[in-house]
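Undergrad: From first to last, the protein sequence lines are chains D and Y. For reference, each letter of the first sequence is one residue, going 1 to 176 in the numbering used here. For reference, each letter of the second sequence is one residue, going 1001 to 1603 in the numbering used here.
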Amino acid sequence: MATAAARRYAKAVFELAEQEGQVDEWGRRLAALRQSMSEPEVAAVLTNPTIATEERMTLISAAPHVFDPEATNLAKLLIESNRVRDIGAIEEEFQRLADNAAGRVRATVTTAVELTPRDRDRVEDELSKRLGKEIRMTLVVDPRILGGLKLQYGDRLVDASVSTRLQQLRRRLAAS
Amino acid sequence: MGISTKEISEVIKERLKDFDASLVSTDVGRIVATSDGIAQIYGLQNAMAGELLEFPHETYGLALNLEEDQVRAVILGDYGHLHEGDEVRTTGRLLEVPVGEALIGRVVNPLGQPLDGKGPVKTTKTLPIEKIAPGVITRKRVDSPVQTGIKANDAMIPIGRGQRELIIGDRFTGKTTVLLDTIINQKGKDLICVYVAIGQNAASIARATATLEENGAMDYTIIVAATASDAASLNFIAPYAGCAMGEYFMEQGKEVLCCYDDLTKQAWAYRELSLNLRRPPGREAYPGDVFYLHSRLLERAAKMSPAHGGGSLTALPVIETQANDVSAFIPTNVISITDGQIYLQSDLFNAGQRPALNVGISVSRVGGDAQTKAMRQVAGQLRLDLAQYRELAAFAQFASDLDTATRNQLERGARLTELLKQDKYQPVPLAEQVAVLYAGTQGFLDKVPVARVREWEAGFVRFLRSEEADLLSEIEKQKALDDKLFERLKAAISTFNHQFGVAADKPADASKPDGKSAPKGQAPTGTAEPKVQAPTTAAEPKAQAPAKAEAAQKPAKAETDEERPSQLNQIRAAMADSPAKPAPAAGEADTEPKPKARKPKAK
Chain D
1 MATAAARRYA
11 KAVFELAEQE
21 GQVDEWGRRL
31 AALRQSMSEP
41 EVAAVLTNPT
51 IATEERMTLI
61 SAAPHVFDPE
71 ATNLAKLLIE
81 SNRVRDIGAI
91 EEEFQRLADN
101 AAGRVRATVT
111 TAVELTPRDR
121 DRVEDELSKR
131 LGKEIRMTLV
141 VDPRILGGLK
151 LQYGDRLVDA
161 SVSTRLQQLR
171 RRLAAS
Chain Y
1001 MGISTKEISE
1011 VIKERLKDFD
1021 ASLVSTDVGR
1031 IVATSDGIAQ
1041 IYGLQNAMAG
1051 ELLEFPHETY
1061 GLALNLEEDQ
1071 VRAVILGDYG
1081 HLHEGDEVRT
1091 TGRLLEVPVG
1101 EALIGRVVNP
1111 LGQPLDGKGP
1121 VKTTKTLPIE
1131 KIAPGVITRK
1141 RVDSPVQTGI
1151 KANDAMIPIG
1161 RGQRELIIGD
1171 RFTGKTTVLL
1181 DTIINQKGKD
1191 LICVYVAIGQ
1201 NAASIARATA
1211 TLEENGAMDY
1221 TIIVAATASD
1231 AASLNFIAPY
1241 AGCAMGEYFM
1251 EQGKEVLCCY
1261 DDLTKQAWAY
1271 RELSLNLRRP
1281 PGREAYPGDV
1291 FYLHSRLLER
1301 AAKMSPAHGG
1311 GSLTALPVIE
1321 TQANDVSAFI
1331 PTNVISITDG
1341 QIYLQSDLFN
1351 AGQRPALNVG
1361 ISVSRVGGDA
1371 QTKAMRQVAG
1381 QLRLDLAQYR
1391 ELAAFAQFAS
1401 DLDTATRNQL
1411 ERGARLTELL
1421 KQDKYQPVPL
1431 AEQVAVLYAG
1441 TQGFLDKVPV
1451 ARVREWEAGF
1461 VRFLRSEEAD
1471 LLSEIEKQKA
1481 LDDKLFERLK
1491 AAISTFNHQF
1501 GVAADKPADA
1511 SKPDGKSAPK
1521 GQAPTGTAEP
1531 KVQAPTTAAE
1541 PKAQAPAKAE
1551 AAQKPAKAET
1561 DEERPSQLNQ
1571 IRAAMADSPA
1581 KPAPAAGEAD
1591 TEPKPKARKP
1601 KAK
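Okay, structure coming up:
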């Protein structure tokens, strides 16, 4: 979840990346940072207030083979400003900004059974036509929705699942 | 049986047909945390302020705080079953309650769900609970009364249709009784009543319901109940829900009475919500918008112009004070919003004065216009008489012997006070009120012992009902008294006084020097004053020189405010003199059984 601070960091990184034309590189850097920094042991050390900030920063810079210089700088900044825990949110927000700029939308499709590739393409085409954007689709299988599909992009949810319809039907019939 | 199953399946088919249209497309968010009835929700970027949110398991919430990265919502009802990570959906609707005729006679919670075990409420319409009050153009002057059936109220603190009259007092001073009396008195009339109980214990609500049922008042009453065990969110929305249910009828041109019992508890509930929503606390820890909380509710009381249906919604909010402190935060707020207040006092209540109305500081800011003419004719003098009585009574406690005029006024006041007492749940019809108060203010009761005044009243009402029923119906019909009716009323009183064993000649005599009692020209309240002053002037020459000089300038400006100080001066003079000259004062009283002027003289 993106806190206000994470949003600002992400925006700053994204603007920098755009200027340098390195959006994809930065995306990879952030993903790498996220992966290592969200490991519990690493996070415990990097956020430990009993260790001096400088020492924690040298931990990162002492391992130049892990991150490239830009990523190391960002990591140091995060340690210095005590935002190590926000790295996940920063990465998510960065991806959102990058998607927006590139005219992409990330969507999650939930179905009860796995979609065939043909159905998948159909859903993708329909949605892309509707929104006028390229779709990056994630597929989720959840038997609890019984049938139909649930389509989520951003905060928007299109719910065409059988379970929701049954629930509505139940309410409608009970209301008489 | 076969037929009915077929019918049922037909109905279901019908429903299924139009059902298919609804594909849900909403905004979703997830619960980050819930505590104290508040849910923090991540997501819902497009939620509206005050939008109804749908939680899992048929639970609903109200989006109140829209923040930079989350939404805070109050959960309506139970929240024990909600967990972190649960999905929350927007509904695109504001919070609504069912409205309609089917609600009448029912006890419902603030969401319109039945609490009385009489099955589902079959309503078809809903209205949002928060609504902007009717504008200036759509309104009309408040010009007709809500008869409360309480003598003291109808005579001195009349409530108009569309008015907002506050009922304020300590705990256990009869605030709810005033409301229930008023509701009961609407039996057979055109008012639809909504009684909103906020934060009361369930037993009290059950008692109020039973009282209304016993008196046949549930035929036109809706009870909206949020008990003390309900969530603060329900207590908070209860008055708005009740108001919306009333507004439905107002919009149809009907007359509605909404009682909010009581708004102190609603303010508490709102304070609780606001603090849990992390809104900054202000005075007494209430949030900054606690004034708006009540003003937007009470502003919805209105008298609509004929072009807009001509309906009305009268609001009777209740505020409970602590230790008679009307200058606390919430009481001052609501006093300033409403068009007057009925102030109930515990010491009056304990002294047996019930309803325990403090006539001195209770006011109705639109009342005069809204009073029926008959009541205005009779009660115009009552307020003044009682005010004077209280002033005199305070002084009379020190003086052992008073001159006749003062004593007469004290006696009159004591009887009028006695006359305003009334048992609970026994509202008095307008015509009977008029008749009884007429007898009181005109001095027909002066010979009845104070202790027997209520007995006299009961007897007189019985007498009127059996012997003079047409007189009562005539007053009820004309809503005004002409000379003929006054004569008939006077004759009836004399007859009954005779039966009651009170000398018949006295009241007539007493009423004469009164001066103010001349029934004819007794039009609106204000004009009575000069007449009161007139006898005083005539009497003055008899007084001592200094008193005379002082009094001489008084009648020139015959106004209400002038009268009281002058009278006080006279009393003071009387008190100062009486030890020195006890004999003349006593002598005068003895030799002159009926002084020409009732006004005190400094002798």
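Glycine included, each C-beta is placed from N, C-alpha and C at the ideal position. For clarity, every value in this text was computed on a predicted model and none was experimentally measured.
Between the Cα of VAL1610 of chain Y and those of Y:LYS1484, Y:PRO1128, Y:PRO1120 and Y:SER1336, spot the shortest distance and give me the residue it belongs to.
TA: The question about residue 1610 of chain Y has no answer here: the residues shown for chain Y are numbered 1001 through 1603.
Undergrad: If you draw a straight line from the C-alpha of GLN1544 of chain Y to the C-alpha of ASP1403 of chain Y, how long is it?
TA: What you label residue 1544 of chain Y is simply residue 544 of the second sequence in a count that begins at 1. What you label residue 1403 of chain Y is simply residue 403 of the second sequence in a count that begins at 1. The predicted position of GLN1544 of chain Y is uncertain, since its pLDDT is 46 and thus under 50; no value can be drawn from it.
Undergrad: Does the CB of THR53 of chain D have a neighbour CB from chain Y at under 8 Å?
TA: Translated into positions along the first sequence, residue 53 of chain D becomes position 53. Answer no: the Cβ-Cβ gap between THR53 of chain D and chain Y never drops below 8 Å.
Undergrad: In chain Y, which residues lie less than 8 Å from THR50 of chain D when you measure between Cβ atoms?
TA: What you label residue 50 of chain D is simply residue 50 of the first sequence in a count that begins at 1. By Cβ distance, chain Y contributes nothing, its closest Cβ being about 28 Å from THR50 of chain D, past 8 Å.
Undergrad: From LYS1151 of chain Y to HIS1057 of chain Y, what does the alpha carbon distance come to, in whole angstroms?
TA: Position 151 of the second sequence, counting from 1, holds the residue named residue 1151 of chain Y. Position 57 of the second sequence, counting from 1, holds the residue named residue 1057 of chain Y. Their backbone Cα atoms lie some 52 Å apart in a straight line.
Undergrad: In this structure, what does DSSP give as the bridge partners for PHE1055 of chain Y?
TA: Start at 1 with the first residue of the second sequence, and residue 1055 of chain Y comes out as number 55. Paired residues: Y:THR1059.
Undergrad: With 16 other CB atoms within 10 Å as the buried threshold, where does SER1004 of chain Y fall?
TA: Looking up residue 1004 of chain Y in the second sequence gives position 4. Exposed, by the Cβ-count rule.
Undergrad: Compare the beta carbon distance of ILE1319 of chain Y and PRO1331 of chain Y with 8 Å and say whether it is the shorter of the two.
TA: The residue given as residue 1319 of chain Y occupies position 319 in the second sequence. The residue given as residue 1331 of chain Y occupies position 331 in the second sequence. Yes, these two residues count as a Cβ contact at 8 Å.
Undergrad: If I measure Cβ to Cβ from GLN1040 of chain Y and keep anything under 6 Å in the same chain, skipping five residues before and after, which residues do I get?
TA: Stepping through the second sequence from its first residue, residue 1040 of chain Y is reached at position 40. Excluding residues within five positions, the ones whose Cβ falls inside 6 Å are VAL1032, ALA1033, GLN1070 and ARG1072.
Undergrad: Pull up the distance between the alpha-carbon of TYR1425 of chain Y and that of ASN1153 of chain Y, whole angstroms please.
TA: Your numbering for residue 1425 of chain Y matches position 425 in the second sequence. Your numbering for residue 1153 of chain Y matches position 153 in the second sequence. C-alpha separation (whole angstroms): 14 Å.
Undergrad: Hey, is GLU1068 of chain Y's beta-carbon within less than 8 Å of any beta-carbon in chain D?
TA: As a first step, residue 1068 of chain Y is located in the second sequence; it is residue number 68 there, counting from the start. With 8 Å as the cut-off, GLU1068 of chain Y counts as an interface residue toward chain D.
Undergrad: In this structure, how does DSSP classify GLU1087 of chain Y when only helix, strand and coil are distinguished?
TA: Translated into positions along the second sequence, residue 1087 of chain Y becomes position 87. Note: GLU1087 of chain Y maps to strand in three-state DSSP.
Undergrad: Please say whether ALA32 of chain D and ARG83 of chain D have beta carbons closer to each other than 8 Å?
TA: Translated into positions along the first sequence, residue 83 of chain D becomes position 83. Translated into positions along the first sequence, residue 32 of chain D becomes position 32. No.
Undergrad: Going by C-alpha to C-alpha distance, which of D:ALA102, D:LEU151, D:PRO143 and D:VAL140 sits closest to GLU134 of chain D?
TA: Here the question's residue 134 of chain D lines up with position 134 in the first sequence. The residue with the shortest Cα to Cα distance from GLU134 of chain D is D:ALA102.
Undergrad: Which term fits GLY1443 of chain Y, buried or exposed, when burial requires 16 or more other beta carbons within 10 angstroms of its beta carbon?
TA: Taking the first residue of the second sequence as position 1, residue 1443 of chain Y is located at position 443. Flag for GLY1443 of chain Y reads buried.
Undergrad: So, at 7 Å on beta carbons, what are the nonlocal neighbours of THR3 of chain D in its own chain, with the 5 sequence-adjacent residues on each side left out?
TA: To locate residue 3 of chain D, count along the first sequence from 1; it is residue 3. The answer, listed in chain order, is ASP86 and ALA89.
Undergrad: Are the CB atoms of GLU1255 of chain Y and ARG1161 of chain Y within a distance shorter than 8 Å?
TA: One-based indexing of the second sequence puts residue 1161 of chain Y at position 161. One-based indexing of the second sequence puts residue 1255 of chain Y at position 255. In this structure, GLU1255 of chain Y lies closer than 8 Å to ARG1161 of chain Y by Cβ.
Undergrad: Could you tell me which chain D residues have their CB closer than 7 Å to the CB of VAL1024 of chain Y, listed as they occur along the chain?
TA: Stepping through the second sequence from its first residue, residue 1024 of chain Y is reached at position 24. Per Cβ cutoff of 7 Å: ASP159 and THR164.
Undergrad: With DSSP as the reference, label ILE1129 of chain Y as helix, strand or coil.
TA: On the second sequence, position 129 is the one that residue 1129 of chain Y refers to. The answer is coil: DSSP assigns ILE1129 of chain Y none of H, G, I, E or B.
Undergrad: So is ALA4 of chain D in contact with chain Y if we call contact Cβ pairs under 8 Å?
TA: Here residue 4 of chain D corresponds to residue number 4 of the first sequence, with the count starting at 1. Yes, because at least one Cβ of chain Y sits closer than 8 Å to the Cβ of ALA4 of chain D.
Undergrad: Going by CA-CA distance only, name the one from Y:ILE1237, Y:GLY1188 and Y:LYS1477 that's closest to MET1218 of chain Y.
TA: Here the question's residue 1218 of chain Y lines up with position 218 in the second sequence. Per the Cα distances, Y:GLY1188.
Undergrad: Under the three-state reduction of DSSP, which class applies to GLU1165 of chain Y: helix, strand or coil?
TA: Position 165 of the second sequence holds residue 1165 of chain Y. If DSSP states are grouped into helix, strand and coil, GLU1165 of chain Y belongs with coil.
Undergrad: Give the range of the beta strand (DSSP E) segment to which LYS1140 of chain Y is assigned.
TA: Position 140 of the second sequence, counted from the first residue, corresponds to residue 1140 of chain Y. LYS1140 of chain Y -> no beta strand (DSSP E), and no H or E assigned at all.
Undergrad: ASP1609 of chain Y: which of Y:ILE1137, Y:SER1312, Y:GLY1310 and Y:LEU1298 sits nearest, CA to CA?
TA: Residue 1609 of chain Y is absent from the structure shown; chain Y starts at 1001 and stops at 1603.
Undergrad: Beta carbon of LEU1263 of chain Y, beta carbon of PRO1239 of chain Y: below 8 Å?
TA: One-based indexing of the second sequence puts residue 1263 of chain Y at position 263. One-based indexing of the second sequence puts residue 1239 of chain Y at position 239. The answer is yes: Cβ separation under 8 Å.
Undergrad: Can a CB atom of chain Y be found closer than 8 Å to the CB of LEU149 of chain D?
TA: Counting from one through the first sequence, the residue named residue 149 of chain D turns up at place 149. Not one chain Y Cβ lies under 8 Å of LEU149 of chain D.
Undergrad: Let me know the secondary structure DSSP gives ILE1184 of chain Y once reduced to three states.
TA: Within the second sequence, numbered from 1, the residue matching residue 1184 of chain Y stands at position 184. Correct three-state label for ILE1184 of chain Y: helix.
Undergrad: In terms of residue numbering, what span does the alpha helix (DSSP H) encompassing LYS150 of chain D cover?
TA: Your numbering for residue 150 of chain D matches position 150 in the first sequence. Not the alpha helix (DSSP H): LYS150 of chain D falls in the beta strand (DSSP E), residues 148 to 153.
Undergrad: Could you tell me whether any non-hydrogen atom of the ligand SAM is closer than 7 Å to the CB of PRO1355 of chain Y?
TA: This structure lacks the ligand SAM; in fact it carries no ligand of any kind.
Undergrad: Hey, CYS1259 of chain Y and LEU1316 of chain Y are a contact pair by Cβ (cut 8 Å); roughly how many whole angstroms apart?
TA: Sequence index remark: in the second sequence, residue 1259 of chain Y carries index 259 (1-based). Sequence index remark: in the second sequence, residue 1316 of chain Y carries index 316 (1-based). That pair is a contact at about 5 Å.
Undergrad: What first and last residue would you give for the alpha helix (DSSP H) that runs through PRO49 of chain D?
TA: Here residue 49 of chain D corresponds to residue number 49 of the first sequence, with the count starting at 1. That residue, PRO49 of chain D, is in no alpha helix (DSSP H); it is neither H nor E in DSSP.
Undergrad: Which residues in chain D sit within 8 Å of ILE1012 of chain Y, going by Cβ to Cβ distance?
TA: Position 12 of the second sequence, counted from the first residue, corresponds to residue 1012 of chain Y. Within 8 Å Cβ-Cβ: LEU173.
Undergrad: Would DSSP call ARG96 of chain D helix, strand or coil?
TA: Translated into positions along the first sequence, residue 96 of chain D becomes position 96. DSSP places ARG96 of chain D in helix when its eight states are reduced to three.
Undergrad: What number of angstroms, rounded off, separates the C-alpha of GLU114 of chain D from the C-alpha of TRP1268 of chain Y?
TA: Here residue 114 of chain D is taken as the residue at index 114 of the first sequence, counted from 1. Here residue 1268 of chain Y is taken as the residue at index 268 of the second sequence, counted from 1. So the alpha carbons of these two residues sit roughly 53 Å apart.
Undergrad: Identify which residue in D:VAL109, D:ARG56 and D:GLN167 has its Cα closest to the Cα of GLN184 of chain D.
TA: With chain D running from 1 to 176 in the structure shown, residue 184 of chain D is simply not present.
Undergrad: Report the neighbours of ARG155 of chain D on chain Y: residues whose CB is nearer than 7 Å to its CB, in chain order.
TA: In the first sequence, residue 155 of chain D corresponds to position 155, counting from 1. Just to set this straight, residue 155 of chain D is Asp in the shown sequence, not Arg. Going along chain Y in sequence order, the residues near ASP155 of chain D (Cβ under 7 Å) are ASP1027, VAL1028, GLY1029, GLY1043, LEU1044, GLN1045 and ASN1046.
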